[in-house]
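Input: a single structure, listed below in structure tokens.
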């Protein structure tokens, strides 16, 4: 009889805990994406899993309460019966063996099974837990109120943006997603944090035309232009009034009407602040059915342009170019031109006269140093200053390229 009670207590301690550990592992392994997928399934099993997962505190309280009771009662019973059979001298050894058995057979093995096979076992486990909750209702009620008191009204997010990006990367490693699919997903999550300024074509490489000049003055340039949309400005490049379509200008040239000013062909242009996110720019461009928008600073000055192509390039993580593109990265081209202007400006300065290394520093030396510093700042300022003939010469020469946008 003593051995029968010993085996009974041991079975309670390990057997019940084994089932509780499987149920706990399955319940915690069910992912939010799995729940979202099963919402379209109207079966009882799917709805049961969804209910338990949406209020996970109740099933967890029931499972953990039963598991604790099984461990406590089983361990106490095994200890008492073992002491009666073998005496107190073996109580320490029996406790060590029982602890090892509980660790292996009621924790490690069942939780591994539950974590690996949760999809197959979710329906059965959900049914079992729903039957268990009423039996453990007092403990469930106590656990709910304790949890609510400790957590307050704080709502924790089930999924974060970083986790979604990590899942996309994991999907690539597991072979579930192609590399480009993972890249697009991760880039999509970054669109809110990337500003228009980071992807725009800088002002210094933007082709723009003065709106008052007649079409005949630029007819030859229009025929060879690579840009399909060209901004128009009034007197200064900062005062952008709209843009013209190259096709409209070509149609006017073909019909022989070239005496009209460019403003006659102007279309309204969208304006976006340089600090806005790419998502805001995308929404604005799509809503207005526009392909191009000018980027302005806090004072309304022209900083550059942004196109749908720029947004798509950021999303895809690659440059969209065609066979005739002369420059892939327009921001790199702008930096290159700035460096060239600065070098040309410094080369045009008179050479600094040699001085005696033993002579005392003079005001002339300081002035020369200041002049060099001023020249550097002037070169930087010239980079942003409008050029009076930028529409047809110098930096605004229309490169022969096949890009469909003003870049």
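In the UniProt record's numbering, the protein residues as written are 1 to 407. Glycine included, each C-beta is placed from N, C-alpha and C at the ideal position.
**OP:** From the DSSP output, in three-state form, read off residue 16 for me.
**Re:** Working through the chain shown from its first residue, we reach residue 16 at position 16. In this structure, residue 16 counts as helix in the three-state DSSP scheme.
Subject >> Unbroken beta strand (DSSP E) run spanning residue 270, endpoints >> reply: Residue 270 sits at position 270 when you count from the first residue of the chain shown. 270–273 is the extent of the beta strand (DSSP E) around residue 270.
Subject >> Backbone CA spacing between residue 238 and residue 299 [nearest angstrom] >> reply: If you number the chain shown from 1, residue 238 lands on position 238. If you number the chain shown from 1, residue 299 lands on position 299. Taking C-alpha positions only, residue 238 is separated from residue 299 by approximately 10 Å.
Original post:
Below 9 Å between beta carbons: does that hold for residue 132 and residue 59?
Top reply: The count along the chain shown starts at 1 and reaches residue 132 at position 132. The count along the chain shown starts at 1 and reaches residue 59 at position 59. Contact: yes.
Subject >> For residue 26, three-class secondary structure by DSSP >> reply: Numbered from 1 along the chain shown, position 26 holds the residue referred to as residue 26. Helix at residue 26.
Subject >> As assigned by DSSP and simplified to three states, the class of residue 299 >> reply: Residue mapping note: residue 299 aligns to position 299 of the chain shown, counting from 1. Three-state DSSP puts residue 299 in coil, outside helix and strand.
Subject >> Contiguous beta strand (DSSP E) assignments of at least 3 residues, all confined to the region 234–263 >> reply: 236–245
Subject >> Simplified DSSP state of residue 313, which is helix, strand or coil >> reply: Sequence index remark: in the chain shown, residue 313 carries index 313 (1-based). It is helical.
Original post:
By how many angstroms is the C-alpha of residue 284 removed from the C-alpha of residue 68?
Top reply: Your numbering for residue 68 matches position 68 in the chain shown. Your numbering for residue 284 matches position 284 in the chain shown. Cα to Cα, the separation comes out at about 58 Å.
**OP:** Quick one: grab the DSSP three-state call for residue 39.
**Re:** Working through the chain shown from its first residue, we reach residue 39 at position 39. Residue 39 falls in the coil class under three-state DSSP.
Subject >> Test item: CB-CB of residue 125 and residue 23 under 9 Å >> reply: Here residue 125 refers to the residue found at position 125 when the chain shown is read from its first residue. Here residue 23 refers to the residue found at position 23 when the chain shown is read from its first residue. Cβ atoms of residue 125 and residue 23: closer than 9 Å.
**OP:** Closer than 6 Å by C-beta to residue 310: which residues in its own chain qualify, once you throw out the five before and the five after it? Chain order, please.
**Re:** For the purposes of this step, residue 310 is taken as the residue at position 310 of the chain shown. Cβ within range, chain order: 199.
Original post:
Around the C-beta of residue 271, are 16 or more other C-beta atoms found within 10 angstroms, so that it is buried, or is it exposed?
Top reply: Counting from 1 along the chain shown, the entry for residue 271 is found at position 271. So residue 271 counts as exposed.
Subject >> Exposure label - residue 166; buried when at least 16 CB within 10 Å >> reply: Numbered from its first residue, the chain shown carries residue 166 at position 166. Exposed, because fewer than 16 other Cβ atoms sit within 10 Å of the Cβ of residue 166.
**OP:** May I ask you to verify whether the region 8–26 touches the region 69–80, counting CB pairs closer than 8 Å and requiring at least 3?
**Re:** yes
Subject >> Euclidean distance between Cα positions of residue 210 and residue 196 >> reply: In the chain shown, counting from the first residue as 1, residue 210 sits at position 210. In the chain shown, counting from the first residue as 1, residue 196 sits at position 196. Approximately 25 Å between the Cα atoms of the pair.
Original post:
Out of curiosity, what's the CA-to-CA distance linking residue 290 and residue 280?
Top reply: Start at 1 with the first residue of the chain shown, and residue 290 comes out as number 290. Start at 1 with the first residue of the chain shown, and residue 280 comes out as number 280. When rounded, the distance between both Cα atoms is 13 Å.
Subject >> Candidates 233, 226 and 83: closest to residue 269 by CA position >> reply: Along the chain shown, one-based indexing puts residue 269 at 269. Closest option to residue 269, Cα to Cα, is 233.
Original post:
Going by beta carbon distance, what residues of the same chain come within less than 7 Å of residue 38, once the five residues before and after it are set aside?
Top reply: Numbered from 1 along the chain shown, position 38 holds the residue referred to as residue 38. If the five residues before and after residue 38 are omitted, its C-beta is found closer than 7 Å to the C-beta atoms of 46, 49 and 50, all from its own chain and listed in chain order.
Subject >> Length of the line joining the Cα atoms of residue 328 and residue 313 >> reply: As a position in the chain shown, residue 328 is number 328, starting the count at 1. As a position in the chain shown, residue 313 is number 313, starting the count at 1. Bear in mind that the predicted position of residue 328 carries a pLDDT of just 49, short of 50, making it unreliable; the figure below should be weighed with that in mind. About 11 Å.
Subject >> residue 119, enclosing alpha helix (DSSP H) - first and last residue >> reply: Looking up residue 119 in the chain shown gives position 119. Start and end: 118–135.
Original post:
Three-state secondary structure (DSSP) at residue 210?
Top reply: The residue labelled residue 210 in the question sits at position 210 within the chain shown. Residue state, collapsed to three classes: strand.
Original post:
Mapping DSSP to helix, strand and coil, what is residue 87?
Top reply: Counting from one through the chain shown, the residue named residue 87 turns up at place 87. Here residue 87 sits in coil by DSSP.
**OP:** Let me know if residue 324 comes out buried or exposed under the rule of 16 or more other beta-carbons within 10 Å of its beta-carbon.
**Re:** Position 324 of the chain shown, counting from 1, holds the residue named residue 324. In this prediction, residue 324 scores a pLDDT of 46, lower than 50, which makes its location untrustworthy; no coordinate-derived value is stated.
**OP:** If I'm right that residue 194 touches residue 278 with Cβ under 8 Å, what's the distance once you round it to whole angstroms?
**Re:** Here residue 194 is taken as the residue at index 194 of the chain shown, counted from 1. Here residue 278 is taken as the residue at index 278 of the chain shown, counted from 1. Confirmed, about 5 Å.
**OP:** Drop a sphere of 10 angstroms on the beta-carbon of residue 129, count the other beta-carbons inside from all chains shown, and report buried for 16 or more, exposed for fewer.
**Re:** The residue you call residue 129 lines up with position 129 of the chain shown. Counting Cβ neighbours within 10 Å, residue 129 comes out buried, since at least 16 surround it.
Original post:
In the DSSP assignment, what are the bridge partners of residue 195?
Top reply: For this step, residue 195 is matched to residue 195 along the chain shown. Per the DSSP secondary-structure output, residue 195 pairs in a beta bridge with 277.
Original post:
Given that a residue counts as buried once 16 or more other Cβ atoms are within 10 Å of its Cβ, and exposed if not, what is residue 21?
Top reply: Numbered from its first residue, the chain shown carries residue 21 at position 21. Classification of residue 21: buried, given that the 10 Å Cβ count is 16 or more.
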